[in-house]
Amino acid sequence: MIQLAERIARDTMERLSRLTTDHLPALLAALFILLVAWGLAAVMRGLLIRIFRGARIDRFLKRSGLASLLPGDGPVRATHMAARGAYWAILAGGFLLALSAFDTQLTSRMIESVLFMVPKLFAGAVILVAGVWVSRYLGRSALVWAFNEGLPSSRRIGQAVRVVVIFVTVVVAADYLNFARNVFLASFVLIVGGAMLAGGLALGLAGRKTIERYLEGKEPEKEEQPEQAVWKHL
Amino acid sequence: MHAETKVPEPDFLPREAFDAVERVRQVDVVIGIPSYNNARTIGHVTRAAQAGLEKYFPQLKAVIINSDGGSSDGTRDAVLASRLDTSQLLIFNTPLFPVHRLSFPYHGIPGKGSAFRLIFQMASMLGARGCVVIDSDLRSITPEWIDLLLRPVLHAGFDFTAPFYHRHKYDGTITNSIVYPLTRALYGLRVRQPIGGDFGLSSRMVNRYLSRRDWQGNAARYGIDVWMTTIAIAEGYRVCQSFLGAKLHDPKDPGADLSEMLHQVVGSVFTLMQEYESVWKHTTSSKDADLFGFRFGVGLDPVEVNTGRMLGLFQRASHELKEVWALALKPRTLDELGKISAALESSSRNGFHLDDELWVRVVMDFAVAWRDRPAERGHLLRSLTSLYLARVASFVLETRDLVSDQVEDKIEHLCLCFEKLKPYLISGWDCAAAPVQSAGRELENAADGARAEAVLED
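Printed below as a string of structure tokens:
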């Protein structure tokens with residue numbers, strides 16, 4: 554009995570020692586890589602803040618309207634966002650390198666698939682950011698235009714434009730990433746088709762009298778310009 | 004002294020304009036009349052200009068040039084067919100030269116600025132010593148206007164004569180509420196009608212305008228008047244004013260968009276603020292511009308203003324355009340606007356009041372945002388329309404029972420408010436302009452900000 558216990562203890566120690574000698578170097582290497590990556594990320598963050606400030610990236614982002622896409626507020630938030638992004642990207646890269654130190658099939662597959670996905674994900678993110686920027690810009694254009702034209706619910710018109718542009722962007726991004734492509738395309742076709750039908754019906758109903766008059770060969774009635782009284786004093 | 008400016012080769016003149024220059028060769032004076040569908044009034048304006056030339060400058064060789072934007076109502080024919088009966092004008096000096104009348108369609112972006120460009124180019128090519136531009140919709144123009152606009156240029160060495168009119172208290176509200184007070188506060192010269200539309204110019208001034216490369220923007224359209232005035236003041240040309248009496252003109256084209264007009268005029272002011280930043284930042288007070296002519300009182304056409312509609316638009320805008328206003332206005336300004344809009348809902352419209360200080364901050368915040376957000380400029384200025392209408396409504400309600408001198412005092416108060424709050428503008432402008440700041444500069448800006456706050460507290 555004692556002999557059995559001794560053998561189990563010896564085997565356990567042997568296995569532990571084998572495990573340690575097999576994996577500890579890889580673990581230490583991974584930890585070292587992570588440490589270096591963390592240091593590099595911190596240095597890079599500091600450098601980027603200096604470089605971006607010098608290159609007036611904040612000013613560019615603010616002037617182009619891209620800064621409004623970023624959360625938070627403050628005069629240098631865009632620079633900090635970019636620096637933080639670089640910091641986490643380097644850390645993520647370090648993590649992948651650390652994984653590769655283990656040199657197993659699983660880690661190799663993980664790294665491979667991540668490396669394969671990164672450029673696509675990046676391009677998809679760029680499409681989304683651009684789409685959100687365009688949606689905001691066009692939404693505001695539609696809002697101001699609708700208001701100055703005296704259309705009712707101009708805010709809703711602006712919001713509708715924004716939603717449509719974002720939806721189109723999501724469809725494009727999904728198509729690019731090959732993610733649920735058919736679902737998005739089908740819903741896109743349905744929504745655009747529905748909107749066109751609704752628009753056509755609305756125009757037809759609203760312009761019925763004008764068309765009748767046109768077909769009868771009469772000039773459409775000209776309405777009094779209500780604006781004239783408002784700005785005659787200019 | 005300003006050096007003679009090199010004028011680039013004209014590529015926007017129609018062929019017939021070159022032929023006319025060949026034919027006429029040289030003149031002393033050019034009178035320019037921009038037009039678009041003004042057949043009803045342009046004949047009178049042309050005759051008044053011709054009478055002014057023959058009566059006051061009989062020894063000079065002059066030409067009247069109509070620069071037309073493609074009128075379909077026979078405007079150009081009206082110019083060419085207008086005949087002046089000099090027997091009734093009591094002209095004692097027989098003119099040495101006949102006054103030529105020419106009419107050309109201008110090329111390029113449709114607008115008053117493009118029309119002026121053709122006139123200036125022809126004045127330069129004809130070697131004119133002086134040039135006068137007058138609006139084609141004027142009903143109150145007299146021959147004396149030509150004398151008053153041209154004489155300071157030809158005989159007193161001025162480069163730019165701005166008009167000074169009596170106008171109805173509700174006429175020219177863009178001038179009274181934005182352009183005059185802002186231009187005066189920025190550049191330090193009190194030119195009462197910076198966008199009057201009728202100006203006298205020296206050849207030096209004309210060549211300076213022609214040498215510029217920004218004819219394609221707002222300067223091509225309604226922004227041209229303030230563009231001309233600002234350049235003249237900011238670049239140190241000799242500027243004066245002439246009292247012309249009353250300004251009575253046809254109502255502007257009802258098809259035109261108010262928002263677009265405001266956009267062009269105010270956009271022009273804001274654009275030039277960027278160019279002349281170094282000039283206006285160092286201007287701390289304002290002085291009167293020389294004023295020529297004999298001042299007299301005149302009767303004016305009544306102007307009806309629908310304040311109810313203006314305030315309705317403002318109320319609606321304060322709900323719907325808040326998102327766009329927030330791009331430009333500081334939170335405090337936005338809150339105050341929200342409060343007066345809410346008060347409007349609960350109380351009588353007759354008691355509506357948008358005070359001078361709040362209005363000045365609105366304009367200054369928009370000026371900073373214009374510089375700071377180029378991508379959003381169109382939205383920003385188009386969203387300013389409803390705020391401008393609220394300010395006009397407030398002004399109309401406050402001045403209902405006031406006579407013109409009292410109204411002028413109110414405008415003077417607004418101008419002083421613009422001048423007083425200039426540190427607020429400079430502080431906002433500097434903050435937006437310089438994201439990279441040394442500690443010292445940050446402290447300096449903080450001090451500027453504190454000064455601006457102190458001014459606001461006053």
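Protein chains in written order, with my numbering: chain G, 554 to 787; chain V, 4 to 461.
No residue lacks a Cβ here, since even glycine has one placed at the ideal position from N, Cα and C.
Counterpart residues of residue i in DSSP-defined beta bridges
i: V/S205; result: V/G133
i: V/L141; result: V/H252
i: V/N69; result: V/I36, V/S106
i: G/T632; result: BP columns for G/T632 are empty, so no partner.
i: V/Y168; result: V/G248
i: V/C434; result: Bridge partners of V/C434: none, in fact.
i: V/F21; result: Note: V/F21 sits in no beta bridge, so no partner.
i: V/F163; result: V/L204, V/V242
Among the options, nearest to residue i - alpha-carbon criterion
i: V/C418; options: V/R142, V/T287, V/L185, V/C134; result: V/L185
i: G/R603; options: G/H633, G/R715, G/A582, G/L659; result: G/H633
i: V/Y212; options: V/K425, V/D412, V/P13, V/L424; result: V/P13
i: V/I144; options: V/H266, V/L247, V/L332, V/E278; result: V/L247
i: V/T178; options: V/V229, V/H416, V/G35, V/G111; result: V/V229
i: V/D150; options: V/S245, V/S430, V/L330, V/F100; result: V/S245
i: V/V242; options: V/A292, V/V301, V/F398; result: V/A292
i: V/D22; options: V/S74, V/G200, V/F107, V/I34; result: V/F107
i: V/G130; options: V/T310, V/Y391, V/S281, V/A65; result: V/A65
i: G/W698; options: G/D564, G/V685, G/Q712; result: G/Q712
i: G/A739; options: G/A751, G/L754, G/G752, G/V723; result: G/V723
i: V/K115; options: V/A249, V/A159, V/N69, V/H103; result: V/N69
i: V/T233; options: V/F273, V/R207, V/D408, V/G111; result: V/F273
i: V/R86; options: V/R50, V/P61, V/R79; result: V/R50
i: V/I198; options: V/V136, V/W218, V/V209, V/L157; result: V/V136
i: V/T287; options: V/I429, V/L153, V/G191; result: V/G191
Distance CB(residue i)-CB(residue j) smaller than 8 Å
i: V/E193; j: V/K342; result: For the sequence presented, residue 193 of chain V should be read as Arg rather than Glu. No, Cβ-Cβ distance for V/R193 and V/K342 is not below 8 Å.
i: V/I188; j: V/M276; result: It is worth fixing the name first, because residue 188 of chain V is Ala in this sequence and not Ile. Result no, Cβ atoms of V/A188 and V/M276 do not sit closer than 8 Å.
i: V/D140; j: V/D253; result: yes
i: G/T660; j: G/S653; result: yes
i: V/G226; j: V/L384; result: no
i: V/I34; j: V/V82; result: no
i: G/S694; j: V/H382; result: yes
i: V/T164; j: V/F119; result: no
i: V/Y279; j: V/A237; result: yes
i: V/F167; j: V/R207; result: no
i: V/F317; j: V/A393; result: yes
i: G/A726; j: G/G677; result: yes
For residue i, the three-state DSSP class (helix, strand or coil)
i: V/Y183; result: helix
i: G/R568; result: helix
i: V/I34; result: strand
i: V/K290; result: strand
i: V/L192; result: strand
i: V/V406; result: coil
i: G/F585; result: helix
i: V/V242; result: strand
i: V/F100; result: coil
i: V/Q440; result: Model confidence at V/Q440 stands at a pLDDT of 40, short of 50, so the residue's coordinates are unreliable and nothing is read from them.
i: V/F299; result: coil
i: G/F737; result: helix
i: G/F720; result: helix
i: V/F355; result: coil
i: V/L16; result: coil
i: G/F732; result: coil
i: V/L446; result: Because V/L446 carries a pLDDT of 38, less than 50, the predicted location of this residue cannot be relied on, and the following value inherits that uncertainty. In this structure, V/L446 counts as helix in the three-state DSSP scheme.
i: V/H47; result: helix
i: V/R28; result: coil
i: G/I555; result: helix
i: V/K325; result: helix
Cβ-based burial, residue i [other Cβ within 10 Å; buried from 16]
i: V/G354; result: exposed
i: V/L16; result: buried
i: G/K762; result: exposed
i: V/L105; result: buried
i: G/I555; result: exposed
i: V/N96; result: exposed
i: V/E57; result: buried
i: V/P155; result: buried
i: G/H576; result: exposed
i: G/N735; result: exposed
i: G/F585; result: exposed
i: G/P578; result: exposed
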